[in-house]
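Engineer: Read in the working numbering, the sequence shown has 91 at position 89, and its numbers run on one by one without any break.
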Amino acid sequence: MKIMVKEYEEKDLRQMIRIWNEVVEEGIAFPQEELLTAETGAQFFASQTYTAVAVDTETGMVVGLYILHPNNIGRCGHIGNASYAVCVDSRGLHIGEKLVSDCLVQGRLHGFRILQFNAVVATNIHARHLYERLGFVSLGIIPGGFRMKDGHYEDICPYYHEL
3 MKIMVKEYEE KDLRQMIRIW NEVVEEGIAF PQEELLTAET GAQFFASQTY
53 TAVAVDTETG MVVGLYILHP NNIGRCGHIG NASYAVCVDS RGLHIGEKLV
103 SDCLVQGRLH GFRILQFNAV VATNIHARHL YERLGFVSLG IIPGGFRMKD
153 GHYEDICPYY HEL
């Protein structure tokens, strides 16, 4: 599988929405609970500072994506935030690393000075190891900061990376 990360196009939306909704339905990583529809998904992805897809160049299939946007406003608007999603069938193939690496570049290009993740679920070990390997710094632990789909609470670990 040869993966290319690029800015999304309208033709990618159907596959992007499917992948995003897979993560939301799992209920173990994203704070969102509402699934995207064709209409809300198009609006959501278009409203981001930058949205990228990971495409398998051999099949043309979208296998992952990320969104990049400000973490806050005004005097904190230089801090970016991002979310990443990889389709269930393509996990473990280092697609997440390609997405995060591209996001670090795009974050700088879009004027962010820091990339901050507010709510990395402590049990999301693969993501946490990836972030740490790429130079993100953990800010500690927020006990019980994430409500899992089954209703129990897990700790969250905020991270940041200077761009």
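Ideal Cβ placement from N, Cα and C applies to all residues, glycine included.
(1) Kindly identify the DSSP beta-bridge partner or partners of Thr53.
(2) How is Asn83 classed by DSSP in three states: helix, strand or coil?
(3) Between Arg20, Glu156, Gly147, Tyr162, which lies nearest to Gly137 when the distance is taken from Cα to Cα?
(4) To the nearest angstrom, report how far apart Met150 and Leu15 are at their CA atoms.
(5) Shortest alpha-carbon distance to Gly153 belongs to which of Trp22, Met3, Glu28?
(6) Is there contact here, the region 10-25 with the region 123-142, by at least three beta-carbon pairs under 8 Å?
(7) With a threshold of 8 Å, are at least 3 pairs of Cβ atoms found where one atom belongs to the region 31-44 and the other to the region 54-66?
(8) Considering only the beta carbon of each residue, do Ala121 and Ile75 sit closer than 8 Å?
(9) Quick one: what's got a C-beta closer than 6 Å to Arg115's C-beta in the same chain, skipping five residues either side?
(10) Which of the three DSSP states, helix, strand or coil, is assigned to Lys8?
(11) Assuming the contact rule is C-beta atoms closer than 8 Å, Thr53 and Pro72 should be a hit. Round their C-beta distance to whole Å, please.
(12) Please list, in chain order, all residues of the same chain as Gln17 whose beta carbon is under 6 Å from its beta carbon, the five residues on each side excluded.
(13) Between the Cα of Ile5 and the Cα atoms of Ser140, Val55, Tyr86, Tyr133, which residue gives the shortest distance?
Structural biologist: Once the coordinates are examined:
(1) DSSP lists Ile69 as the beta-bridge partner residues of Thr53.
(2) Looking at Asn83 - three-state DSSP - the assignment turns out to be strand.
(3) The shortest Cα separation from Gly137 among Arg20, Glu156, Gly147, Tyr162 belongs to Tyr162.
(4) C-alpha separation (whole angstroms): 27 Å.
(5) Distances from the CA of Gly153 to each of Trp22, Met3, Glu28 were compared; the closest alpha carbon is that of Glu28.
(6) Segments in contact, no.
(7) These segments do not touch.
(8) One thing to note: Ala121 has its Cβ no nearer than 8 Å to the Cβ of Ile75.
(9) Closer than 6 Å at Cβ, skipping near neighbours: His80, Leu165.
(10) Judged by DSSP in its simplified three-state form, Lys8 adopts strand.
(11) Incorrect: roughly 14 Å between the Cβ atoms, too far for contact.
(12) Within the same chain, Cβ atoms closer than 6 Å to the Cβ of Gln17 are found at Val64, the five residues on either side in sequence being excluded.
(13) Measuring C-alpha to C-alpha distances from Ile5 to each of Ser140, Val55, Tyr86, Tyr133 identifies Val55 as the nearest.
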